[in-house]
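Here the structure comes first, spelled out in structure tokens, and everything after it is commentary.
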Ligand code: CMC
């Protein structure tokens, strides 16, 4: 049997080393022994943007980017989207197994009874300007919950963590719905415990004067499916932030707020909002070829296309396309769909995109559904953050229980000055690089 080791010949010293290979990976710390002399710190790896570095071991989500496979805890995303409710999948992601009927009942009951916000948190939300971006309100309000639940700092207490998990999964739809109502100037609607997770979210978004909200089943199921598809995606930018912030033993509310901040960027979850802006800018199907030419010439990106891991069709985008048809059967077709389909058709046949393996990702079609459901583009990333809270919590919990856990603290290659003497202010000259400040 082949040895699970890697031999390294250091041609600077002619020294020979052998390091273990485990699951196709070498430990960066095993390279530290490789030195040119006693003064040498030892060899490090350099990997900006983590292009080829595993930052943890995880049993939550599996992605094969070349084959377009996504599984939560081993179950294919297609099966989960077809057969489960979002809270069932949330249980699976957090605890590792699908729940029994009794376990699911208890779980749903716990989450449902933690949907209410403290009245002071409601007033906190009222302090935002009428045109505040919903994602900014969402991030700040989740962080503010840290002041309501100071006991959550006790991150090593499993029972305490469980309570925060119920609270966070329960409260994020309420916060999201309140940011939406705030931007419209409508009164906030309290959660209704008789409704399912997505029906209740719709109730808090859209109930006006009717005594009981009656959710359209096709729309609430489509929302549930969208939530399932967005629930986790292994070590993406925001999951990495969740683990990094959580590794300092910060409480889960501020850690989730930090992860949501990472999600808000246009290269990550903010892309769904950008896709709609792009489709607006294109305006009509006949202008798609010109827009693609512009992208190929280096002016901007095709938003909702490309992925660090998927070098094949994003399996979530395929399911979203199917869910879009279910939504449009109720709401009527979103006219943007025609432009999006034409963009996809042309891009998938164009050498620029084919060569770079750029396919539609989850954000390409989700915004079109959200818009058909009646959301403004500013709400789209908040709709992503609700289900992703589940993934962040599972990643956080796994990190805290990992025996190898330590505070996340990367190294750097220092490229600045060597030691130099202080210059008094009257002797300093204006530096060219700073002059334009
Ligand atoms: N449109 C046009 N060209 C692109 C695009 C795009 N959307 N994405 C990548 N490229 C090009 C890029 O310019 C580069 O070309 P070249 O080799 O000539 O320099 C090549 O493809 C490789 O791209 P990269 O930037 O090295 O890839 P990355 O893995 O660092 O970035 C990405 C991945 C998702 C940030 C990027 O594809 C992108 O910016 N896409 C648009 C934004 C987007 O849709 N983001 C959502 C991602 S999925 C959901 C989520 O994470 O929340």
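Residue numbers (the numbering used here): 10 to 446.
Note that CB positions come from ideal geometry on N, CA and C, so glycine has one too.
Apart from the 5 residues on each side of it in sequence, residue 291 sits with its Cβ closer than 7 Å to the Cβ of 297, 300, 348 in its chain, given in chain order. Taking all protein chains shown into account, residue 114 has fewer than 16 neighbouring C-beta atoms within 10 Å of its C-beta and is therefore exposed. Excluding residues up to 5 positions away in sequence, 96 lie with their Cβ nearer than 6 Å to the Cβ of residue 117 in the same chain. Counting only residues whose CB is nearer than 6 Å to a non-hydrogen atom of the ligand CMC, the list in chain order is 245, 276, 277, 278, 280, 304, 310, 311, 312, 313, 314, 315, 316, 317, 365, 367, 370, 371, 372. When the five nearest sequence neighbours on each side are left out, the beta carbons in the same chain lying within less than 6 Å of the beta carbon of residue 254 are those of 264, 267, in order along the chain. For the pair residue 405 and residue 251, the CB atoms are nearer than the 7 Å cut-off.
In chain order, 275, 376, 386, 387, 389, 390 place their CB closer than 8 Å to the CB of residue 282, counting only its own chain and leaving out the 5 sequence neighbours on each side. Around the beta carbon of residue 94, 16 or more other beta carbons lie within 10 angstroms, which makes this residue buried. Distance from the CA atom of residue 176 to the CA atom of residue 62, rounded to whole angstroms, is 33 Å.
Shortest Cα-Cα distance from residue 105 to any of 124, 249, 180, 71 involves 71. Here residue 242 is buried. Its C-beta has 16 or more other C-beta atoms within 10 Å. Residue 321 places its beta carbon less than 7 Å from that of residue 77. Per DSSP, residue 114 is one residue of the alpha helix (DSSP H) stretching across 110–121. Unbroken alpha helix (DSSP H) runs of no fewer than 4 residues, entirely contained in the stretch 168–241, are found at 206–215, 226–238, following chain order. Counting C-beta pairs closer than 8 Å gives fewer than three between the stretch 407–423 and the stretch 300–316, which falls short of the contact rule. The C-beta distance from residue 144 to residue 273 rounds to 5 Å, short enough to meet the 8 Å contact threshold. Proximity to residue 332 across 226, 295, 316 peaks at 226, based on C-alpha coordinates. Shown here for residue 228: same chain residues with a beta carbon closer than 8 Å to its own, the five before and five after excluded, namely 211, 336, 339, 340, 382 in chain order. Residue 222 and residue 38 have their C-alpha atoms spaced approximately 57 Å apart. By the neighbour-count definition (other C-beta atoms within 10 Å, threshold 16), residue 14 is an exposed residue.
Per DSSP, residue 73 is one residue of the beta strand (DSSP E) stretching across 70–73. In this structure, residue 123 lies near residue 179, with their beta-carbon atoms less than 7 Å apart. Residue burial is scored here from C-beta neighbours: residue 316 has at least 16 other C-beta atoms within 10 angstroms and is therefore classed as buried.
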